[in-house]
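Numbering (UniProt numbering), first residue to last: 1 to 609. Glycine included, C-beta positions come from ideal geometry on N, C-alpha and C. Written out below as structure tokens is the structure these notes cover.
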Amino acid sequence: MSTKLVLPDITGKSIYEGKFKDRTPQCPAAGKLTSSGDTTAQCLHPKNNRPPSPEVIRKFRATVRPDAGQMRVFYGKAYDPHRQWAVDMSHGVNTQPSSSTKEAVNPNLKTLFQQRILDRKENCYQSHVRAPLGRSHDQASGLPKGLNPNVFTFGMPTQLDSGAGGLVNPNKTYEQIFKEASEGHELYVRSHADYYPRERVCRSYTTPTFDPKKKFGLPTPHCNDGKNTRETLKWIHEAQGDRATKIVSKRLDDFREKSQPQLGKVHDPIKDTLNVPPDHTFGILLKPDPYGAGDIIHNRGISNSLRGKESQRGVVAAMRQQLKKLNYHHFNSLLEAFRFYDSSGKGKITLSDLRNVCIKYRLPVDLDILDKVLDYCDADRDGMINYLEFANFLNWKEKMPTGLDEMGPPPMLIGMGLNNEPSKVTPLTDKLVDEADLVPKSAQKSELTPRHIQKQVDGSVGNHSTSNNMYNAVVGPGGISTRDFRTYGVPTIRSDLSAPRIKRVDDRKNYGDEAFAYSLMCPSLYSQHNVHERDMLMPRSLEEICSIFTNIGVRMTGEQMEKAYNMAAANHPKGHVSVEGFRNVLDEIQVEQIRAGVHPMALGEAQPV
């Protein structure tokens, strides 16, 4: 009988219908052809319509090829009745479950009653009585009867002889300690074998030829620093390798030079491939702009740009500083200094007047520099320097009086000579300075001083004010006094406490002897040499002052030094003399010599070269 393959009846269109053309319709397609619309479970587990195997065949198949998860059973034991008993059979002893690890590590808290019951049960154990957990055991049971442990004490009282300090460091000389330690040493040698370091053992030999100081053998050469031991711990080839010259391959050295950056040199790994000199620069050399980054940030004009003018501004500032020092040392007031400059009595200082003053000051300055100084000081752009400009730019007007009250009642006429005498020039009727240009030095003082002329390149921002100005508008000088206000907290500078002589490391209090923001941003020359304000103000003796000032180049005789020291001591309420106080006295002596005309810096004509 022939079998016939019957395919399932599939209705519907194929998924590739209309996309591909079947060139071989007579050949069936590979794969299992199922009807469309089935689920994934039906595809993975298709229906099995095969009849089950007979029981006779299954016992042989279980021996050769058992099912998944089944044990291999010999076909001779397939129907053995003991196999049915073995299914329900269990070996060993059936144990009851005990407490878990959690209960053993962290048991539940017992009540007070349960704890008392447990203590009564454990009292029968000797370990519980002699060594209870967390406390000492009761020792009253071992004491004699009638003994009160709160009153009775055991042992003998120890008499206090000397403290631990007397034992460790007694108040005795070295000879006394050595003598006391040497007494009875022979007895300790016999009883305890207590020998001193490097002491020989006395054998009590009676042979006449025996010398106890004699040594046997030859001395072994050695080094106490362990140099020979160090050499023995190193192999010979290692020691020779350390002393030998290190040989490095030239190929490796060239590679390191090309690939590894070197200190102080630009890393250029392709310099060998470029046929250019070492100082060659690539790119196009552009002409620099007449202004810098600061000029752009501050929006300065071309006429006010500061690029390239650093040297010029530095020379002008140095010249102004030198003239300020000379004016401060030679004159008592601003008016006296101005009359010295204005020798012709015009009321203004010209370039020729400025040059003549520099000659008298022995300042060999070029006319170009003087022209730049005059241009800097000329705020009103009239080609000359008036009294107001002279006081602002060539003097320290806060430290010198104006001297205008010496000219008599207004109008303050110009044209006065050095000796307050009218010059040959006809006096004019104009005032030397306008009354509106004189302002008080402070709100508490009535003394007048020339007003401040603002000389800045950048314009000020409109309606700009700092927080300090806002505070001073309400409180401070000219406003509400804060003297009687209640203060809160701890002051930053503890001036109410005396500074300790030796400050602890963890002491962060400021006792007023620390530097503030200005000194941190602009440190002095002395601080660069580790000399601080405390060293300058420390009281010193005459010998220390003489040694310090002699080492810095001050040449004075012993009498002059002692006289200046006594003057500095007279200026201090306690008679102390510091380096700063002695230096101030020397400055005063120098000013007196300059004004008397006996100092090399005194006014006079320049000496011919």
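Burial state of residue i, where buried means 16 or more other Cβ atoms lie within 10 Å
i, result
"PHE393", "buried"
"LEU370", "buried"
"MET319", "buried"
"ARG339", "buried"
"ASP353", "buried"
"CYS358", "buried"
"VAL585", "buried"
"MET400", "buried"
"PHE390", "buried"
"ILE545", "buried"
"TYR341", "buried"
"VAL373", "buried"
"GLY581", "buried"
Proximity winner among the options, relative to residue i (alpha-carbon distances)
i, options, result
"ILE589", "LYS213, THR487, ALA568 and SER481", "ALA568"
"ARG501", "MET400, ASP378 and TYR511", "TYR511"
"GLY294", "VAL457, ASP378, SER446 and ALA239", "VAL457"
"ASP380", "ASN108, LYS179, ILE453 and PHE340", "ILE453"
"ASN150", "PRO157, GLN139 and SER99", "GLN139"
"SER100", "ASN108, TYR79 and ARG65", "ASN108"
"MET71", "ALA193, VAL56, ASP496 and VAL87", "VAL87"
"GLY301", "GLY308, TYR291 and GLU310", "TYR291"
"LEU323", "VAL365, ARG116, GLY283 and ALA29", "VAL365"
"TYR328", "ILE594, ALA41 and ARG58", "ILE594"
"ILE493", "PHE516, PRO81 and ASP484", "PHE516"
"TYR387", "LEU133, PRO491, ILE349 and ASN356", "ILE349"
"LEU438", "ASP289, CYS522, SER524 and GLU398", "GLU398"
"GLY142", "ARG135, GLY134, LEU133 and VAL129", "VAL129"
Inter-residue spacing [alpha-carbon to alpha-carbon] between residue i and residue j
i, j, result
"LEU418", "ARG362", "Residue placement at LEU418 cannot be trusted, given a pLDDT of 39 that sits under 50; what the coordinates show is reported in the next sentence. C-alpha separation (whole angstroms): 20 Å."
"LYS145", "GLN159", "30 Å"
"GLY184", "SER191", "11 Å"
"LEU147", "GLY166", "39 Å"
"PRO539", "ILE552", "19 Å"
"ASP242", "PRO269", "32 Å"
"VAL433", "GLY345", "14 Å"
"ARG583", "SER305", "42 Å"
"PRO440", "SER446", "6 Å"
"LYS509", "VAL105", "53 Å"
"PRO219", "VAL189", "28 Å"
"SER204", "PHE210", "10 Å"
"THR153", "ASP161", "22 Å"
"ASP587", "LEU286", "54 Å"
"LYS563", "SER343", "39 Å"
"GLY597", "VAL591", "10 Å"
"PHE216", "ARG198", "16 Å"
"ASN123", "MET156", "36 Å"
"SER333", "ASN530", "37 Å"
"ARG200", "ILE177", "23 Å"
"PHE255", "GLN262", "13 Å"
"PRO600", "LEU326", "12 Å"
"THR557", "ILE548", "14 Å"
"LYS258", "TRP235", "36 Å"
"GLU421", "ASP535", "At GLU421, the pLDDT of 46 sits below 50, so the modelled position is not reliable; the number obtained from the coordinates is stated separately. Roughly 49 Å between the two C-alpha positions."
"GLY163", "LYS172", "15 Å"
"SER182", "GLU175", "11 Å"
"ILE57", "PRO81", "19 Å"
"GLN115", "PRO97", "25 Å"
"VAL93", "LEU44", "46 Å"
"VAL168", "GLY489", "49 Å"
"ILE117", "LYS110", "10 Å"
"VAL266", "LEU542", "58 Å"
"GLN260", "ILE284", "29 Å"
Short CB-CB distance (under 8 Å) between residue i and chain D
i, result
"ARG540", "No chain D is present in this structure, which holds just one protein chain."
Rounded Cβ spacing between residue i and residue j (contact assumed at less than 8 Å)
i, j, result
"VAL577", "TYR565", "6 Å"
"ASN317", "ASN395", "One detail in the question is off: residue 317 reads as Ala in this sequence, not Asn. Contact flag wrong, Cβ pair sits at about 15 Å."
"ASN228", "HIS222", "7 Å"
"TYR79", "THR63", "That belief does not hold up - the Cβ atoms of TYR79 and THR63 are roughly 13 Å apart, past 8 Å."
"ILE385", "ASP378", "6 Å"
"ALA499", "ASP513", "6 Å"
"THR449", "THR487", "Not quite, the Cβ-Cβ distance comes to about 33 Å (not below 8 Å), so this is no contact."
Strand pairing of residue i, partner residues [DSSP]
i, result
"ILE236", "Answer by DSSP bridge pairing: none, since ILE236 is not bridged."
"LEU448", "PRO440"
"residue 610", "The structure shown does not extend to residue 610, since the chain is modelled only from 1 to 609, so the question has no answer here."
"ILE493", "ASN510"
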